[in-house]
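A.B. asks:
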Amino acid sequence: MSSKEFDVGSKIKDTKRGILEKLARIVDKKRKGSGKSQEEGPIQNKEQDNLSPTIPEPPPVKKRERLEPILKKIKSGPAFIALSLGAILLALFIIGLIPRLHNQGILKKYVAIANEIPVSVISPKLAPPITDLRLPGTARGYFETPIWARVNGYIKNWWVDIGDEVKEGQLMAVIDAPDIDRQVLEMEGVLKSAEANLEIARISLDRWKELIKTRAVSQQQLDERQAAYDAALARVNASRGQHEYWKELQNFEKIYAPFSGVVTARNIDIGTLVSLGSDKGVRELYRISVTDVMRVYVAVPQNYAPQIQLGAWADVTASELPGKIFKGLVVRTSKAVDPLSRTLLTEVDVGNPNGEIIVNMYVDVTFHLPRTQETYLVPVNTIVVRADGNYVLSVDEHQTVHYNKVELGKDLGQFIEIPSGLSKDQKIILNPPEILEEGDKVVVVEDLSKPKPDKIKEKKLLQKGKLAHE
Numbered sequence: 003m004s005s006k007e008f009d010v011g012s013k014i015k016d017t018k019r020g021i022l023e024k025l026a027r028i029v030d031k032k033r034k035g036s037g038k039s040q041e042e043g044p045i046q047n048k049e050q051d052n053l054s055p056t057i058p059e060p061p062p063v064k065k066r067e068r069l070e071p072i073l074k075k076i077k078s079g080p081a082f083i084a085l086s087l088g089a090i091l092l093a094l095f096i097i098g099l100i101p102r103l104h105n106q107g108i109l110k111k112y113v114a115i116a117n118e119i120p121v122s123v124i125s126p127k128l129a130p131p132i133t134d135l136r137l138p139g140t141a142r143g144y145f146e147t148p149i150w151a152r153v154n155g156y157i158k159n160w161w162v163d164i165g166d167e168v169k170e171g172q173l174m175a176v177i178d179a180p181d182i183d184r185q186v187l188e189m190e191g192v193l194k195s196a197e198a199n200l201e202i203a204r205i206s207l208d209r210w211k212e213l214i215k216t217r218a219v220s221q222q223q224l225d226e227r228q229a230a231y232d233a234a235l236a237r238v239n240a241s242r243g244q245h246e247y248w249k250e251l252q253n254f255e256k257i258y259a260p261f262s263g264v265v266t267a268r269n270i271d272i273g274t275l276v277s278l279g280s281d282k283g284v285r286e287l288y289r290i291s292v293t294d295v296m297r298v299y300v301a302v303p304q305n306y307a308p309q310i311q312l313g314a315w316a317d318v319t320a321s322e323l324p325g326k327i328f329k330g331l332v333v334r335t336s337k338a339v340d341p342l343s344r345t346l347l348t349e350v351d352v353g354n355p356n357g358e359i360i361v362n363m364y365v366d367v368t369f370h371l372p373r374t375q376e377t378y379l380v381p382v383n384t385i386v387v388r389a390d391g392n393y394v395l396s397v398d399e400h401q402t403v404h405y406n407k408v409e410l411g412k413d414l415g416q417f418i419e420i421p422s423g424l425s426k427d428q429k430i431i432l433n434p435p436e437i438l439e440e441g442d443k444v445v446v447v448e449d450l451s452k453p454k455p456d457k458i459k460e461k462k463l464l465q466k467g468k469l470a471h472e
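This is the structure in structure tokens:
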């Protein structure tokens with residue numbers, strides 16, 4: 003039933019109640035009036051006789067006389083019954099209408115509450131000016147080289163094994179190369195023969211030079227002796243070169259350490275056949291690394307490449323060495339981004355005097371990078387991902403929802419960096435419902451950016467105690 007119908011029914015009820023009350027008063031007065039007129043009639047006449055001048059008595063009310071028979075007929079007739087029945091029905095109708103109106107009011111109240119969704123909000127936190135970038139890296143020796151065979155042969159003997167520290171120029175192994183030794187002996191014979199022929203050519207040339215003075219020989223003969231000497235000299239030089247070449251190859255039968263370091267690999271044993279070169283099918287003899295200082299190579303993502311500065315410090319850690327933090331220095335970068343991985347190869351040098359970091363060890367490198375712009379931290383459950391980008395929902399002072407398009411930075415676990423798209427004065431919604439749209443009304447039930455009252459009291463008490471102590 004509408005409010006208008008309810009007002010009409012109330013007016014009918016009030017009118018009926020007034021008529022009945024008025025009729026009851028008239029009947030009561032009529033009864034009381036008739037009794038008083040019989041008892042006080044003579045007294046009034048006497049008083050009227052004594053009074054002068056005489057005031058005429060007002061005529062009786064004819065309206066009451068008219069109503070009395072009507073009331074008697076109403077009370078005894080069917081109209082009274084119909085009127086009473088109508089009053090009862092009206093009362094029952096009103097009794098049923100009141101709870102309905104009450105329930106409608108409650109329903110409207112809950113609908114209004116349902117339309118305004120309760121939310122919790124929080125303010126973005128300003129990120130510190132220095133951000134830590136942690137990336138995996140590989141530790142390599144500062145100097146690290148494989149040692150290959152320069153001659154073909156068999157391992158005659160070796161003296162160093164893996165893990166041994168060697169000094170520069172230390173003998174590590176000897177290769178037995180009979181072919182090289184035979185070539186050296188052959189070249190020695192050829193060289194001696196060439197030197198003997200050269201000596202004979204020299205003596206002949208000297209003699210012909212003396213004979214040309216007495217004109218005992220012709221100039222042609224002297225020139226021939228000179229040419230023979232030059233040819234013998236050339237053969238000597240060629241033989242000497244071949245001899246030196248094979249002699250140098252013979253020197254490669256002995257394997258020496260190129261620098262001081264640690265032997266990290268040994269692939270030979272006595273009698274092992276070794277081959278010349280460093281092809282894929284040829285195994286290296288040894289591998290030596292310098293481990294006092296390590297080179298750690300890190301692939302830095304392209305978006306962080308501009309923040310990598312030469313000379314900056316970095317922390318190097320390893321899960322195998324808990325609690326150990328090694329200080330490293332960024333010494334160089336490749337100055338080129340790998341087109342496949344889109345990363346910048348960066349070298350960090352780390353001191354390793356005790357040899358705790360092992361060659362080819364997997365380590366973590368933490369760079370301390372300065373921020374180039376203000377960055378805010380928000381909980382990860384405030385991000386709304388849509389087809390056109392990432393958004394954060396904020397609430398203004400009128401409890402209205404607004405969509406803010408943001409750029410995502412580094413994911414820190416519970417929080418995520420927002421380089422742009424937010425301000426510190428905004429209130430952002432935690433766990434925003436999917437039904438929220440731009441301009442919707444909400445009810446802020448909790449603001450997590452404000453400290454709780456008990457925390458405020460506790461802080462004030464602590465400050466008060468501190469001041470009293472001072």
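The sequence shown maps to residues 3 to 472 in this note's numbering.
No residue lacks a Cβ here, since even glycine has one placed at the ideal position from N, Cα and C.
1) Given the structure, does residue 30 come close to the ligand MN, in the sense that its CB is under 6 angstroms from one of the ligand's heavy atoms?
2) As an exercise, report each continuous beta strand (DSSP E) stretch of at least 3 residues that is fully enclosed by the segment 220-272, in chain order.
3) I'd like the span of the beta strand (DSSP E) that includes residue 429, first residue to last.
4) Among the residues of its own chain, which have a CB less than 8 angstroms from the CB of residue 310, if the five just before and after it don't count?
5) Under a Cβ-count criterion, where at least 16 other Cβ atoms within 10 Å of its own Cβ denotes burial, should residue 39 be classed as buried or exposed?
6) Quick test of the definition: if touching needs 3 or more C-beta pairs under 8 angstroms, does the segment 293-302 touch the segment 351-366?
7) Judging by CA-CA distance, which residue of 401, 308, 233, 181 is the nearest neighbour of residue 278?
8) With distances taken Cα to Cα, identify the nearest neighbour of residue 287 among 258, 343, 312, 314.
9) Comparing C-alpha positions only, which one of 175, 95, 170, 242 sits nearest to residue 156?
10) Below 8 angstroms on the Cβ atoms is my guess for residue 424 versus residue 447; work out the distance and round it to an integer in Å.
11) Using 7 angstroms as the threshold, is the C-beta distance between residue 450 and residue 403 below it?
12) Can you look up residue 274 in the DSSP assignment and give me helix, strand or coil?
13) Could you give the residue range of the beta strand (DSSP E) that holds residue 425?
14) Name the two residues that bound the continuous beta strand (DSSP E) containing residue 296.
15) Is it true that the segment 404-422 meets the segment 370-385, where meeting means three or more beta-carbon pairs spaced less than 8 angstroms apart?
16) Would the beta-carbon of residue 194 fall within 7 angstroms of that of residue 178?
17) Identify, in the order they occur along the chain, each residue of the same chain with its Cβ nearer than 8 angstroms to the Cβ of residue 343, setting aside the five sequence neighbours on each side.
18) Straight-line CA distance for residue 23 to residue 103?
19) Could you tell me whether the segment 130-142 touches the segment 251-268, where touching means 3 or more Cβ pairs closer than 8 angstroms?
20) Ignore the nearest five residues each way along the sequence and tell me which others in residue 141's own chain have a CB closer than 6 angstroms to its CB.
21) Tell me which residues share the same chain as residue 473 and place their Cβ nearer than 7 angstroms to its Cβ, disregarding the 5 neighbours each side in the sequence.
22) What does the alpha-carbon distance come out to for the pair residue 414 and residue 280?
23) Whose CA, out of 350, 381, 431, 430, lies closest to the CA of residue 137?
24) Checking 7 angstroms against the spacing of the C-beta atoms, do residue 432 and residue 125 come in under that value?
25) Do the segment 163-175 and the segment 262-273 meet, that is, are 3 or more Cβ pairs less than 8 angstroms apart?
26) Three-state secondary structure (DSSP) at residue 180?
27) Pull up the CB-CB distance for residue 266 and residue 291, whole angstroms please, since I reckon it's below 8 angstroms.
28) How is the beta strand (DSSP E) around residue 289 delimited, first residue to last?
29) On the three-state DSSP scale, how would you describe residue 443?
30) With which residues is residue 158 paired in a DSSP beta bridge?
31) Which of the three DSSP states, helix, strand or coil, is assigned to residue 27?
32) Mark residue 354 as exposed unless 16 or more other C-beta atoms lie within 10 angstroms of its C-beta, in which case mark it buried.
C.D. replies: For this structure:
1) Within the structure as shown, the ligand MN is missing, as the structure has no ligands at all.
2) 256-258, 263-268
3) 429-431
4) 302, 332, 335, 346, 348, 369, 371
5) For residue 39, the predicted structure reports a pLDDT of 47, less than 50, and the residue's modelled location is therefore unreliable. A value from the coordinates is still provided. Classification of residue 39: exposed, given that the 10 Å Cβ count is below 16.
6) yes
7) 181
8) 258
9) 175
10) Residue 424 to residue 447, Cβ: 22 angstroms. No contact.
11) no
12) coil
13) No beta strand (DSSP E) contains residue 425, which DSSP labels as neither H nor E.
14) 295-303
15) yes
16) no
17) 301
18) 29 angstroms
19) no
20) 296, 298, 359, 363, 365
21) Residue coverage of the chain in this structure runs from 3 to 472, which leaves residue 473 outside it and unanswerable.
22) 47 angstroms
23) 350
24) no
25) yes
26) helix
27) 5 angstroms
28) 288-291
29) strand
30) Partner(s): none; residue 158 has no beta bridge.
31) helix
32) buried
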